[in-house]
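Q:
Structure below.
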């Protein structure tokens, strides 16, 4: 079997997220699997580096799937041809940026060593027309310094249970955030998170909490208490899906 | 009467262009006029710096309209309040970036001294997901140097009849192009045109002709003959509307 790794870009607006669901094909994984299965005439499953929620976008989602040696003849073992083949069938809001042969042991989720998410905020009373599907529009001015101070408390290894959207989470809620960078470019404020992994809704709940801090509804020091409480109700509201982009997944 | 100048941004995808039409409200001018007329309880007409075709976008369209002194009470003569009022009623693909009081003689079309249009090309076999509604996707590699040489022949004052989409154009087809800048940023190639005015479809026909040159279907020197011929059939195909953005309109 050949293990093939692909990098996928998508606008999540029309989809119920990455993960295949029984009832609907409106997921990114479902779209990719149905195209692959149709092309190769058998059921092909694909593993992603992680789920993204409905409405969340990806600039560089990574996934992998296995083909039989003889099946790679369909694209003459040429990865650019495979990329073009898939893009020819994908809708215009999903694209395969590239494909490559991976080692047999490669697994897009298990081997990921870090992930970067970007949360884009459009902080202006004047609406953003062109990027409106990729930003959260917040009209009231945000105090970026307060947000940066709050973000500082989240760095490093913590139990992020208070920032986890899954109340029945059985596995460990400990994660490590390597960096939170806040970039201000004109009216746009980007929150860029890099960590070893993120819990369900974690980036959106943190972003919502940081925005509440920027609006002075909270003070930065509260973050410590929220972390310690491990109580979802203490953290802020989940920021809207549309501002979030899975930016990059890194492997060793 | 007070003469009010506004700067308008829009994604043209859903619209039949700037100019109001009798049969439909699906124009930018029509949307703005119906909101203003509803707010002020009388028919208000608005002048734009020029038409844009159906599907063409604007980053900085300029328009003006007149209000009676007492009508400005509705927004307390506060231009930010007027901007917020209009944005509150506009659909999310149209936004007013700002409003200001203009001199009584100001006319957005007649007083414009230069206009800048940007034509965005995504030149890659890999599709562009996020900006797909704002670019023309051309898969085959373009020879930017050939396009730059061709563009050189278009600079200055010429009779652009061969690049005019209106076969019944009665008025002068002489225009002056001050600059054509070609910017390459990764797979994106932007054609940025500044001139004293542009004929109907002129930027799209020039862009289509430059792309044919970049694809080596034409040689740059042909531009001279095309200009001299004054024959629309000699020029290239009109580039798709979606790549075009009215970037900026300048006044004295």
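Protein chains in written order, with this note's numbering: chain G, 776 to 1027; chain H, 776 to 1027.
The beta-carbon is built from N, C-alpha and C at its ideal position, and this holds for glycine as well.
Every value quoted in this text rests on a predicted model; they were computed, and no experiment measured them.
1. Are residue 909(G) and residue 1021(G) touching if we call contact CB-CB under 7 Å?
2. What is the DSSP secondary structure of residue 940(H), counted as helix, strand or coil?
3. Is residue 788(H) helix, strand or coil when you go by DSSP?
4. So is residue 845(H) in contact with chain G if we call contact Cβ pairs under 7 Å?
5. Any idea what DSSP makes of residue 982(G), helix, strand or coil?
6. Using the rule of at least 16 other Cβ atoms within 10 Å of the residue's Cβ for burial, across every protein chain shown, is residue 856(H) buried or exposed?
7. If we ignore side chains and look at the alpha-carbon of each, how far apart do residue 875(H) and residue 854(H) end up?
8. Looking only at its own chain, which residues have a Cβ that is under 7 Å from the Cβ of residue 918(H), when we skip the five neighbours before and after it?
9. What does residue 784(G) reach in chain H if we use C-beta pairs closer than 8 Å?
10. Taking 7 Å as the cut-off, decide whether the C-beta atoms of residue 797(H) and residue 887(H) are in contact.
11. Can we say the stretch 896–908 of chain G touches the stretch 870–885 of chain G, given the rule of at least three CB pairs closer than 8 Å?
12. If you compare alpha carbons, which of 964(H), 815(H) and 789(H) is closest to residue 849(H)?
13. Helix, strand or coil for residue 909(G)? Go by DSSP, reduced to three states.
14. For residue 894(H), which option in 818(H), 866(H) and 984(H) has the closest C-alpha, if you only look at C-alpha atoms?
15. In whole angstroms, what separates the C-alpha of residue 804(G) from that of residue 822(G)?
16. Which partner residues of residue 840(G) appear in the DSSP bridge assignment?
17. Roughly how many angstroms separate the alpha carbons of residue 837(H) and residue 1012(H), rounded to a whole number?
18. Tell me the DSSP secondary structure of residue 895(H) in three-state form.
19. Roughly how many whole angstroms lie between the Cα atoms of residue 877(H) and residue 997(G)?
20. Which first and last residues belong to the alpha helix (DSSP H) in which residue 864(G) is found?
21. Expressed to the nearest angstrom, what Euclidean distance is found between the alpha-carbon atoms of residue 943(G) and residue 914(H)?
22. What residues in the stretch 838–869 of chain H bring their beta carbon closer than 9 Å to a beta carbon of chain G?
23. Please tell me whether residue 777(H) and residue 847(H) are closer than 7 Å, where the distance is taken between their beta carbons.
24. Exposed or buried, which one is residue 851(H) when buried takes at least 16 other CB atoms within 10 Å?
25. Assuming residue 1015(G) and residue 911(G) are in contact, meaning their beta carbons sit under 8 Å apart, how far apart are those beta carbons, in whole angstroms?
26. What residues of chain H sit near residue 1028(G), judged by a beta carbon separation below 9 Å?
27. With distance defined between alpha-carbon atoms, name the residue in 840(G), 1018(G), 830(G) and 828(G) nearest to residue 818(G).
A: On the basis of the supplied data:
1. Position 134 of the first chain holds residue 909(G). Position 246 of the first chain holds residue 1021(G). No, the Cβ-Cβ distance between residue 909(G) and residue 1021(G) is not below 7 Å.
2. Residue numbering aside, residue 940(H) sits at position 165 when the second chain is read from its first letter. DSSP places residue 940(H) in coil when its eight states are reduced to three.
3. Here the question's residue 788(H) lines up with position 13 in the second chain. Three-state DSSP puts residue 788(H) in coil, outside helix and strand.
4. For this step, residue 845(H) is matched to residue 70 along the second chain. No, residue 845(H) does not count as interfacial toward chain G.
5. Within the first chain, residue 982(G) is the residue found at index 207, counting from 1. Helix.
6. One-based indexing of the second chain puts residue 856(H) at position 81. Exposed is the call here.
7. By 1-based counting over the second chain, the position of residue 875(H) is 100. By 1-based counting over the second chain, the position of residue 854(H) is 79. Spanning the two alpha carbons is a distance of roughly 6 Å.
8. The count along the second chain starts at 1 and reaches residue 918(H) at position 143. Same-chain partners within the cutoff: 989 and 991.
9. Working through the first chain from its first residue, we reach residue 784(G) at position 9. The contacting residues are 904 and 905.
10. Your numbering for residue 797(H) matches position 22 in the second chain. Your numbering for residue 887(H) matches position 112 in the second chain. In this structure, residue 887(H) does not lie closer than 7 Å to residue 797(H) by Cβ.
11. no
12. What you label residue 849(H) is simply residue 74 of the second chain in a count that begins at 1. Residue 849(H) has its Cα closest to that of 815(H), out of 964(H), 815(H) and 789(H).
13. Your numbering for residue 909(G) matches position 134 in the first chain. Coil.
14. On the second chain, residue 894(H) is found 119 positions in, with the first residue counted as 1. Measuring from the Cα of residue 894(H), the nearest candidate turns out to be 984(H).
15. On the first chain, residue 804(G) is found 29 positions in, with the first residue counted as 1. On the first chain, residue 822(G) is found 47 positions in, with the first residue counted as 1. If I take the Cα positions, the gap works out to 8 Å.
16. Looking up residue 840(G) in the first chain gives position 65. For residue 840(G), which the question treats as bridged, DSSP gives the partners 779(G).
17. As a working mapping, residue 837(H) is identified with position 62 in the second chain. As a working mapping, residue 1012(H) is identified with position 237 in the second chain. Residue 837(H) and residue 1012(H): Cα-Cα distance of roughly 28 Å.
18. As a working note, residue 895(H) is residue 120 in the second chain. Three-state result, residue 895(H): strand.
19. As a working mapping, residue 877(H) is identified with position 102 in the second chain. As a working mapping, residue 997(G) is identified with position 222 in the first chain. Cα to Cα, residue 877(H) sits roughly 49 Å from residue 997(G).
20. For the purposes of this step, residue 864(G) is identified with residue 89 of the first chain, where counting begins at 1. Segment 854–864, the alpha helix (DSSP H) holding residue 864(G).
21. Taking the first residue of the first chain as 1, we reach residue 943(G) at position 168. Taking the first residue of the second chain as 1, we reach residue 914(H) at position 139. Between residue 943(G) and residue 914(H), the C-alpha separation is close to 48 Å.
22. 855, 858, 859, 862, 865, 867, 868 and 869
23. Here residue 777(H) is taken as the residue at index 2 of the second chain, counted from 1. Here residue 847(H) is taken as the residue at index 72 of the second chain, counted from 1. Cβ distance < 7 Å, so residue 777(H) and residue 847(H) count as in contact.
24. In the second chain, counting from the first residue as 1, residue 851(H) sits at position 76. Exposed is the call here.
25. The sequence position of residue 1015(G) within the first chain is 240, counting from 1. The sequence position of residue 911(G) within the first chain is 136, counting from 1. The pair is a contact, with the Cβ atoms about 5 Å apart (cut-off 8 Å).
26. This structure leaves residue 1028(G) out entirely; chain G is present only between 776 and 1027.
27. To locate residue 818(G), count along the first chain from 1; it is residue 43. Out of 840(G), 1018(G), 830(G) and 828(G), 840(G) has the C-alpha closest to the C-alpha of residue 818(G).
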